[in-house]
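For reference, the structure discussed in these notes is given below.
Residue numbers (the UniProt record's numbering), protein chains in the order written: chain A, 1 to 620; chain B, 1 to 620.
Right under this line is the structure:
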């Protein structure tokens with residue numbers, strides 16, 4: 001089915017929007033009228049531009065405040081329609097969207113609404129055009145699709161049909177039950193798709209600012225698509241999103257996300273299967289872009305956390321540092337993507353590596369979802385690790401999960417130090433937290449959800465002393481402690497929060513901290529302290545409150561305090577002990593995390609205290 | 001009455017918050033517990049710090065999830081209370097706020113709630129402490145103040161009283177009717193004040209993110225204060241605001257706004273009168289900070305708009321440029337505040353001047369509202385024009401309104417050119433639009449509303465091609481066309497919009513455009529065109545739509561198009577014709593506006609087209 005996107009989803013001028021839609025792989029566009037009004041060329045030139053890009057103009061929209069108006073508005077509305085038909089013919093589109101009237105003056109008279117729409121349809125038909133009627137959730141008298149259908153049926157004109165929009169239906173708690181029985185397929189003229197987070201606000205504000213692409217929100221959009229298909233709809237699958245952040249973001253990225261969301265939607269609705277989501281079994285390594293100097297500094301920082309040089313790449317200036325099951329790669333290879341990143345941004349994470357059951361299948365899934373993929377140049381005999389590019393351009397490597405007897409990936413590419421296999425204190429990587437510019441969040445949400453099948457946790461709000469940080473974690477994989485992949489995504493509107501400052505320094509997105517899993521946080525902290533690791537001080541007042549909140553004894557509280565440990569416990573009594581380092585060069589930092597079996601969070605209750613301590617550390 | 005503010009209103013560490021509250025003139029603070037938990041010193045040290053700054057600790061808050069819990073939580077809660085009493089005694093505060101329980105486990109049993117609060121009160125009393133019970137709007141079983149009062153009355157302990165919060169009451173559409181009859185004054189322990197915009201969202205999200213200081217929102221906070229005073233309340237008037245932008249803004253500015261809001265609130269509630277708000281009769285001039293080079297360039301730009309050099313300051317490098325009733329001052333005086341601003345920001349507006357009935361009275365009002373005021377150095381025989389500093393540091397001069405026979409202010413200070421009194425085409429200044437960083441909006445809202453008595457118009461959302469611009473205009477003065485003072489305030493979360501880019505360049509706030517009033521926009525544009533003024537092109541598609549929307553004839557539409565004029569018309573048929581210049585040095589721009597009598601807007605319907613044309617102009 002034809003994939004289409006409304007120009008209002010994208011930022012920029014009409015030519016920008018058309019080019020971005022075409023580049024992403026859409027076959028059609030809805031022209032949002034304001035985009036045409038602001039365009040310097042004629043409607044015919046706009047139409048040719050779309051055609052030259054291979055884009056059908058699937059719809060012209062919206063035509064507002066039409067039906068059931070008293071005279072003289074009724075006649076003037078019909079004149080207005082004729083002018084818009086002129087525009088449509090020049091533009092080369094057949095269909096216009098008429099949305100239900102929101103004006104105070106509109107009559108509560110479905111028969112009049114039907115008569116008006118029939119008249120407009122008759123005029124459209126004379127020019128070979130047609131119109132679709134859509135119920136806005138905040139329409140004055142017509143706010144449900146069933147009401148709109150009653151009016152369309154009553155009007156009974158072949159050039160008039162029904163337009164559905166998943167947001168308008170789902171935001172009201174409504175559904176499409178009975179659609180296939182009530183509406184003949186030829187009367188289902190057009191269907192628009194939008195998702196949204198579940199917010200408790202008025203539908204107009206919700207719709208105008210907080211829509212999102214399917215898969216980025218919480219509405220049951222796949223079910224909606226299944227229903228329209230069951231009703232025989234075969235027209236375009238078209239996205240219509242009003243979103244403040246999309247309007248401000250680069251149109252190419254947003255258009256790519258839009259197409260990805262439709263590929264995912266097709267899969268979810270059972271329309272077009274994709275290679276299955278992966279079975280994830282943890283984070284194999286995190287890779288840093290460094291140069292020789294930064295590598296030495298970071299290596300010293302890591303050594304204080306008990307990491308040791310465990311291997312050197314056979315052909316590149318790349319080192320493996322390891323502590324137990326936690327692997328960090330320090331990439332100082334000149335003339336590489338990592339070197340380019342280092343030159344731009346200084347020492348930062350340039351790649352994550354997930355352990356997956358079948359890297360080839362996941363690469364095929366990612367490519368079907370229009371993700372750029374990456375295959376590194378390799379030396380002879382070295383292993384080629386496939387990778388997917390995340391929305392910020394960093395890489396996600398896909399490492400074949402290995403069993404107990406299997407050859408680890410490291411042996412092909414690295415000269416391993418003899419002691420590299422000696423056990424360390426850390427079990428692995430508990431989670432990797434990314435900080436994102438607010439406009440990047442939805443791109444990452446769709447990326448992790450659609451490509452990897454990760455599921456979002458409940459959102460959190462974390463008060464930094466200089467503004468709020470919103471956090472949403474994505475989790476997946478084997479539900480057994482360290483084998484999980486856990487990825488908190490943090491955004492902040494404020495540029496003064498730790499998250500906001502980091503995002504500004506990284507021009508949009510980056511790994512802000514890495515939490516290592518340990519079975520004994522107190523021991524891990526003690527060992528780190530002995531190696532003079534720079535740990536974050538936690539104020540005594542925090543521990544006094546902790547004791548009061550959880551009824552902890554003096555000895556237990558004192559032990560936590562002595563080890564700089566924060567503590568959390570869920571309703572079922574599962575505990576979480578964690579400590580933080582100071583940041584490395586005012587950039588990223590590390591966490592030592594002891595996760596009690598069953599504890600699913602990240603110690604969000606402690607975030608305010610932690611962030612205040614970090615800001616204070618900075619101020620010194 | 002003691003003015004108090006909760007530390008949660010302000011950004012930064014606890015010492016920052018205390019210092020800002022004291023500097024603004026508060027006499028007390030509520031200590032929000034998380035601020036203490038993040039503080040490195042002991043509670044006793046925090047208490048001493050407050051005392052040294054002259055701040056009483058009016059309240060310790062919040063104590064959550066207390067009443068009507070099953071065992072063992074009930075006993076643990078009482079233990080927890082004892083620990084908090086320890087903290088309060090160290091801190092040196094007598095009162096703790098207990099907010100109604102939101103937990104699923106809490107029993108729907110007011111008698112149990114009363115018994116629990118009585119027990120906690122008895123324990124508090126043993127230490128000379130007391131507690132106030134507050135109904136949260138989203139409390140599980142107690143969400144209204146009358147319910148909270150029933151429980152407090154039932155508990156009947158002298159150390160237990162009621163706490164009220166204007167937000168929790170007013171957000172539910174509730175009021176304080178019956179308070180004075182029901183609650184004895186000695187049981188009214190504490191009252192918190194917060195305003196908020198009227199939003200249709202769940203009270204929890206509304207409360208946590210969108211509260212504001214009294215006068216910044218739309219709730220009837222003055223009436224709330226009147227009711228609590230009528231009930232005999234004589235305790236602190238305390239602000240408790242949760243606002244994402246306050247959290248991210250400098251604490252000194254926000255604290256100053258908070259105190260200003262309380263002074264205004266006292267006036268509004270009839271508690272303490274202030275010198276009356278002014279009668280405004282227009283904008284006398286707008287002043288630009290320039291240097292010699294920028295002055296020559298700006299003068300050339302203005303000359304193309306029909307302005308002429310009308311006078312030169314007697315003692316400073318300051319020129320008056322005039323077109324009819326519109327005055328612009330170009331200030332290139334070295335070693336002045338304007339020169340400092342120019343050095344930092346380039347050519348920008350550094351002052352506005354309002355015509356007022358009584359500048360001295362308004363200065364007294366501004367000083368009572370804690371606004372910094374300014375009296376310039378003047379040469380001998382020159383007129384001293386008093387001024388108030390706006391929240392962004394620019395000046396608002398107060399010019400004595402003159403009658404037909406009065407000596408104009410310009411004659412004292414300027415050597416006027418002989419032709420200066422010759423009539424020009426412009427009637428005056430129609431409006432001055434300021435662009436603000438989002439976190440600055442509430443400061444300006446309170447400034448214009450409290451100091452000048454300006455009233456906010458309905459908010460608008462304006463779609464720039466690269467993000468949304470929110471606009472809210474403040475209007476006041478003689479309701480006669482050009483005599484009005486009209487000040488649209490525009491904010492944009494996106495840094496890619498015209499507004500966002502301008503705000504970034506100006507580090508927070510500035511005048512983005514000035515609209516001149518004309519009785520004949522077509523003639524004004526024609527004259528400007530003949531002088532080769534750089535005018536903004538409007539696409540032909542705009543005019544085709546305009547004709548369709550308003551049913552304009554061909555000749556009328558062609559005339560608008562020929563003059564680059566945008567057109568708007570309100571529901572009553574009052575018209576607005578306006579044209580824009582290109583920006584001066586990618587900074588501010590000008591508008592020529594013909595406002596039909598009765599038209600109260602700013603052509604918001606045309607903003608999308610205008611902003612797209614401006615962005616396109618940039619891209620060239």
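Using N, Cα and C, we set each Cβ at its ideal position, and we do this for glycine too.
Just so you know, these numbers come straight off a predicted model, no measurement behind them.
At which residues does the beta strand (DSSP E) containing residue 518(A) begin and terminate?
Judged by DSSP secondary structure, residue 518(A) falls within the beta strand (DSSP E) whose first and last residues are 509-518.
Selection from 611(A), 526(A), 24(A) that minimises the alpha carbon distance to residue 304(A):
Here the closest residue by C-alpha is 526(A).
Where do the N-terminal and C-terminal ends of the alpha helix (DSSP H) with residue 49(B) fall, by residue?
In this chain, the alpha helix (DSSP H) harbouring residue 49(B) covers 43-52.
Please determine, among 84(A), 261(A), 90(A), the residue with the shortest C-alpha to C-alpha distance to residue 196(A).
Looking from the CA of residue 196(A), the closest CA among 84(A), 261(A), 90(A) belongs to 261(A).
Here's the rule: buried if 16 or more other CB atoms are within 10 angstroms of the residue's CB, otherwise exposed. What is residue 597(B)?
Classification of residue 597(B): exposed, given that the 10 Å Cβ count is below 16.
For the alpha helix (DSSP H) holding residue 431(A), just list the boundary residues, first then last.
First-last for residue 431(A): 426-436, but that is the beta strand (DSSP E), not the alpha helix (DSSP H).
Hey, is residue 542(A)'s beta-carbon within less than 8 Å of any beta-carbon in chain B?
Interface residue, yes.
Please compile the residues from chain B whose C-beta is within a distance smaller than 7 Å of the C-beta of residue 336(A).
Correct list: empty, because the minimum Cβ distance to chain B is about 31 Å.
Residue 177(B) versus residue 231(B) - alpha carbon distance
Between residue 177(B) and residue 231(B), the C-alpha separation is close to 10 Å.
Quick check: the region 500-520 of chain B against the region 528-540 of chain B, are there 3 or more CB pairs under 8 Å?
Contact fails between the region 500-520 of chain B and the region 528-540 of chain B, because fewer than three Cβ pairs, one in each stretch, are under 8 Å apart.
Taking CB distances under 8 Å as the criterion, tell me whether residue 468(A) reaches chain B.
Cβ-Cβ to chain B under 8 Å: yes for residue 468(A).
Per DSSP, what kind of secondary structure is residue 352(A) in: helix, strand or coil?
In the three-state scheme derived from DSSP, where H, G and I count as helix and E and B as strand, residue 352(A) is classed as strand.
Only counting the same chain, and skipping five residues up and downstream in sequence, which positions put a Cβ closer than 8 Å to that of residue 619(A)?
Confidence at residue 619(A) is low in this model, with a pLDDT of 48, below 50, so its placement is unreliable and the value that follows should be read with caution. When the five nearest sequence neighbours on each side are left out, no beta carbon in the same chain lies closer than 8 Å to the beta carbon of residue 619(A).
Quick one: Cα of residue 55(A) to Cα of residue 13(A), how far?
Residue 55(A) and residue 13(A): Cα-Cα distance of roughly 16 Å.
Between the CA atoms of residue 263(A) and residue 544(B) - distance to the nearest angstrom:
So the alpha carbons of these two residues sit roughly 38 Å apart.
Nonlocal neighbours in the same chain, by C-beta distance under 7 Å from residue 430(B), ignoring five residues either side:
Excluding sequence positions up to five before and after residue 430(B), its CB lies within less than 7 Å of the CB of 482, 486, 515, 516, 517, 593, 595, all in the same chain and listed in chain order.
Checking 8 Å against the spacing of the C-beta atoms, do residue 116(A) and residue 68(A) come in under that value?
Taking 8 Å as the Cβ cut-off, residue 116(A) and residue 68(A) qualify as a contacting pair.
For residue 48(B), which of 352(B), 473(B), 152(B), 19(B) has the nearest alpha-carbon?
Comparing Cα-Cα distances from residue 48(B) to each of 352(B), 473(B), 152(B), 19(B), the minimum goes to 19(B).
Kindly confirm or deny that the region 370-385 of chain B and the region 294-308 of chain B touch, where touching means at least three C-beta pairs closer than 8 Å.
Contact between the region 370-385 of chain B and the region 294-308 of chain B is absent, because fewer than three Cβ pairs lie under 8 Å.
8 Å is my cut-off, CB to CB: does residue 36(A) come that close to chain B?
Residue 36(A) counts as touching chain B.
Applying the criterion that 16 or more other CB atoms from any shown protein chain within 10 Å of the CB defines a buried residue, is residue 393(A) buried or exposed?
It is exposed - the Cβ of residue 393(A) has fewer than 16 other Cβ atoms within 10 Å.
Residues in its own chain within less than 7 Å of residue 410(A) by CB, not counting five upstream and five downstream?
So the qualifying residues of the chain are 311, 320, 416.
I'd like to know whether the C-beta of residue 324(A) is nearer than 8 Å to at least one C-beta of chain B.
Using a CB distance cut-off of 8 Å, residue 324(A) does not count as an interface residue toward chain B.
Comparing the C-beta of residue 79(A) with each C-beta of chain B, is any distance below 8 Å?
The beta carbon of residue 79(A) sits closer than 8 Å to some beta carbon of chain B.
Segment limits, alpha helix (DSSP H) that includes residue 263(A):
Residue 263(A) -> alpha helix (DSSP H) spans 251-268.
Have a look at the DSSP bridge pairing and note the partners of residue 660(B).
Any answer about residue 660(B) is impossible in this case: the structure gives chain B only from 1 up to 620.
For a cutoff of 8 Å on Cβ pairs, would you count residue 231(B) as touching chain A?
Output row for residue 231(B): interface = no.
Whose CA, out of 607(B), 445(B), 275(B), 283(B), lies closest to the CA of residue 401(B)?
Nearest option by C-alpha distance: 283(B).
I'd like the span of the alpha helix (DSSP H) that includes residue 244(A), first residue to last.
Secondary structure note for residue 244(A): its alpha helix (DSSP H) is the uninterrupted segment 244-248.
Between which two residues does the beta strand (DSSP E) containing residue 399(B) stretch?
Here the beta strand (DSSP E) through residue 399(B) covers 395-400.
Compare the C-beta of residue 63(B) with all C-beta atoms of chain A and state if any pair is closer than 8 Å.
For residue 63(B), the answer is no, since every Cβ of chain A falls outside 8 Å of its Cβ.
Please decide whether residue 620(A) counts as near chain B, where near means a Cβ-Cβ distance under 8 Å.
Residue confidence for residue 620(A) is low, a pLDDT of 37 falling below 50, so the modelled location carries little weight; the figure read from the coordinates is stated next. Taking Cβ atoms only, chain B never reaches closer than 8 Å to residue 620(A), which makes this a no.
Among 424(B), 465(B), 28(B), 243(B), nearest to residue 10(B) - alpha-carbon criterion
Considering only 424(B), 465(B), 28(B), 243(B), the residue with the shortest C-alpha distance to residue 10(B) is 243(B).
Residue 549(A) versus chain B: which residues are under 8 Å apart at the beta carbon?
The answer, in chain order, is 80.
Going straight from the alpha carbon of residue 566(A) to that of residue 60(A), what length do you get?
Here the alpha carbons of residue 60(A) and residue 566(A) stand approximately 57 Å from one another.
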